[in-house]
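Chains as they are written, first to last, in this note's numbering: chain E, 235 to 343; chain G, 235 to 343.
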């Protein structure tokens with residue numbers, strides 16, 4: 235996936251997910267994250283994801299066409315199951331922010 | 235700084251900065267980033283920053299009270315000089331997105 239993601243012209247929606255990780259079973263975490271991203275990518279309205287992780291921290295920004303596409307993703311059974319495991323096992327704490335992208339600037343050398 | 239940042243109730247503004255790094259003189263880059271963050275933190279309306287970096291990629295989300303506070307930061311002389319060096323030396327490409335945070339959810343174990 236491109237980094238930065240090649241998003242369309244605004245407006246669209248960004249979901250900013252900021253987490254502290256427990257560090258427990260992180261191989262499984264990585265595998266599940268990859269699987270979930272592949273699933274999200276099949277959904278109508280998913281525009282892409284930018285994610286970085288260190289041992290203790292995760293920062294993931296996913297982009298969506300509209301609120302309806304986010305809602306569909308939140309109702310996805312696999313995603314619901316993953317969120318439950320995440321709270322039990324991988325996250326010490328996290329904040330999820332939903333934000334409407336109003337403008338964007340690109341730079342390329 | 236807290237990770238996640240302890241932001242006030244929405245609405246507020248997120249600036250999402252996603253970059254590919256050249257890998258050149260990254261020690262200097264890290265030092266300047268720290269210096270700039272300290273400067274930003276003195277500004278009225280700066281709410282905090284969440285940033286992660288690997289060798290080749292950077293993802294930084296800063297939070298601001300309103301458009302006026304972002305505008306003041308964009309006019310800061312030190313920040314202007316740093317952006318110029320960044321384009322010359324450190325960034326292969328980047329995208330900056332300005333987004334209005336409409337809602338947020340916290341989880342803590």
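C-beta atoms are modelled at their ideal positions from N, C-alpha and C, and glycine is treated no differently.
These figures come from a predicted structure and were not determined experimentally.
Asked: Helix, strand or coil at residue 299(G) [DSSP, three-state]; Found: coil
Asked: Where residue 312(E) sits in the DSSP three-state scheme; Found: helix
Asked: Three or more C-beta pairs below 8 Å linking the region 320-329 of chain E and the region 317-332 of chain G; Found: no
Asked: Test item: CB-CB of residue 239(E) and residue 283(E) under 8 Å; Found: yes
Asked: Residue 254(E) and residue 287(E) closer than 8 Å at C-beta; Found: no
Asked: For residue 342(G), the nearest candidate out of 246(E), 336(E), 338(E) and 328(E) (CA to CA); Found: 328(E)
Asked: Among 279(E), 276(E) and 295(E), the one whose alpha carbon lies nearest that of residue 285(E); Found: 295(E)
Asked: Members of the region 324-336 of chain E near chain G, C-beta cut-off 8 Å; Found: 325, 326, 327, 328, 329, 330, 331, 332, 333, 334, 335 and 336
Asked: Residues within the region 277-297 of chain E neighbouring chain G, beta-carbon criterion of under 9 Å; Found: 284, 285, 286, 287, 288, 290, 291, 292, 293, 294, 295 and 297
Asked: Cut-off 7 Å between Cβ atoms - residues of its own chain near residue 299(E), not counting five sequence neighbours on either side; Found: 246, 279 and 281
Asked: Contacting positions in the region 300-320 of chain G - beta carbon closer than 8 Å to chain E; Found: none
Asked: Cβ pair residue 315(E), residue 277(E) closer than 8 Å; Found: no
Asked: Beta-carbon spacing of residue 256(E), residue 324(E) below 8 Å; Found: yes
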